[in-house]
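K.L.:
One structure coming up, written as structure tokens, with questions to follow.
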Amino acid sequence: MRYFLELSYNGKAYHGWQNQPNAISVQEVLENALSTILKTKISIMGAGRTDTGVHASQMFAHFDFEGDFKSMDIVYKLNSFLPKDIAVTSVFEVKPEIHARFYATSRTYNYKVSTSKNVFDYDFAYQIQMPLDVEKMNDACKILFEYKDFQCFSKTNTDVKTYNCDIKEAYWTKNNDQLVFTITADRFLRNMVRAIVGTMINIGLGKMKVEELHAVIASKSRSEAGFSVPAHGLYLVKIVYPESIKNN
Numbered sequence: 001m002r003y004f005l006e007l008s009y010n011g012k013a014y015h016g017w018q019n020q021p022n023a024i025s026v027q028e029v030l031e032n033a034l035s036t037i038l039k040t041k042i043s044i045m046g047a048g049r050t051d052t053g054v055h056a057s058q059m060f061a062h063f064d065f066e067g068d069f070k071s072m073d074i075v076y077k078l079n080s081f082l083p084k085d086i087a088v089t090s091v092f093e094v095k096p097e098i099h100a101r102f103y104a105t106s107r108t109y110n111y112k113v114s115t116s117k118n119v120f121d122y123d124f125a126y127q128i129q130m131p132l133d134v135e136k137m138n139d140a141c142k143i144l145f146e147y148k149d150f151q152c153f154s155k156t157n158t159d160v161k162t163y164n165c166d167i168k169e170a171y172w173t174k175n176n177d178q179l180v181f182t183i184t185a186d187r188f189l190r191n192m193v194r195a196i197v198g199t200m201i202n203i204g205l206g207k208m209k210v211e212e213l214h215a216v217i218a219s220k221s222r223s224e225a226g227f228s229v230p231a232h233g234l235y236l237v238k239i240v241y242p243e244s245i246k247n248n
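Just so you know, the sequence shown maps onto residues 1 to 248 in the numbering used here.
Here it is in structure tokens:
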């Protein structure tokens, strides 16, 4: 049977989600925990690949298991076994053909920017102590909806068939000294959100005009876009699936 695992993690100590040959990953820690508890080798497939240092308040992964663990509290056991920076929210059965990555219909990321020195969030937000024009940054967000090809925001030498993404929402909110960028799309390219945020910050600082974003996107060149902001301010916050994936 196939199961979905819902979890969250603080990415500071991990070299991203995906297994690495010489570095610790969230996937490796979860697979080890499941394999120990279920007493068989378990492999999991995540809904996406977060980079080194990126956090997730909602992530999904699927795994296959032929035995029966319904008599045990699998969520409690996993959380007792896992380190303090990974937490499992739920485990539920899905239809056998459902894939955590390919069946997701949208993903939402937040990026946090602190505009003042804050000793409590320097590990969890990008600190930039200069005034940012949030209104212009939100004007730039509207331009994103006019395009589908976002190659200019992708890491180079990425093995993808298309650079097209359907952006469903993109906006900045301000709460005192913290800015939060929210973006939802059907898929994301490698480094895409961090490159968009860096470009938006250049607009907010007055280093780039809002309308210049058109030329940046049309160029399809990563060198034309802004800098890539640090990973520690990025959060995967929501993944949406059709309700029909569950095996009721």
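Every residue gets a Cβ at the ideal spot worked out from N, C-alpha and C, and that includes glycine.
Grab me the residues of Phe249's own chain with a C-beta within less than 6 Å of its C-beta, minus the 5 sequence neighbours each way, in chain order.
P.N.:
Outside the shown range of the chain (1 to 248) lies residue 249, about which nothing can therefore be said.
K.L.:
Go ahead and label Ala47 buried or exposed: buried means 16 or more other beta carbons lie within 10 angstroms of its beta carbon, across all protein chains shown.
P.N.:
Its Cβ being crowded by 16 or more others within 10 Å, Ala47 is buried.
K.L.:
What are the complete alpha helix (DSSP H) segments, minimum 4 residues, inside the segment 119 to 197?
P.N.:
Complete alpha helix (DSSP H) runs here, min 4: 134 to 144.
K.L.:
Buried or exposed, going by whether 16 or more other CB atoms sit within 10 Å of the CB of Ile98?
P.N.:
The residue is buried, with at least 16 neighbouring Cβ atoms inside 10 Å.
K.L.:
Establish whether the CB of Ile86 and some CB of chain D are separated by less than 8 Å.
P.N.:
Here chain D cannot be found, since the structure has a single protein chain.
K.L.:
So what does DSSP say about Ile86, is it helix, strand or coil?
P.N.:
It is a strand residue.
K.L.:
For Met208, I'd like the list of residues in its chain whose CB is within less than 6 Å of its CB, leaving aside the five on either flank, ordered along the chain.
P.N.:
Once the five neighbours on either side are set aside, the close Cβ partners of Met208 are Asn202.
K.L.:
Is the beta carbon of His55 less than 8 Å from the beta carbon of Tyr235?
P.N.:
Yes; because the gap between Cβ atoms is below 8 Å, this pair is in contact.
K.L.:
Within the same chain, show all residues whose beta-carbon is closer than 6 Å to that of Lys155, passing over the 5 residues directly before and after it, in chain order.
P.N.:
Cβ neighbours of Lys155 beyond the five flanking positions: Arg190, Asn191.
K.L.:
Assess, as a yes-or-no matter, whether the segment 112 to 120 is touched by the segment 151 to 167 under the definition of 3 or more beta carbon pairs within less than 8 Å.
P.N.:
No, because fewer than three Cβ pairs between the segment 151 to 167 and the segment 112 to 120 fall closer than 8 Å, the two stretches do not touch.
K.L.:
For Asn110, which residues does DSSP report across the bridge?
P.N.:
DSSP output for Asn110 lists Thr182, Tyr235 as bridge partner(s).
K.L.:
Mind reading off the beta-carbon distance from Phe63 to Ile42? Whole number of angstroms is fine, and I expect it under 8 Å.
P.N.:
Right, the Cβ-Cβ distance comes to about 5 Å (below 8 Å), so this counts as a contact.
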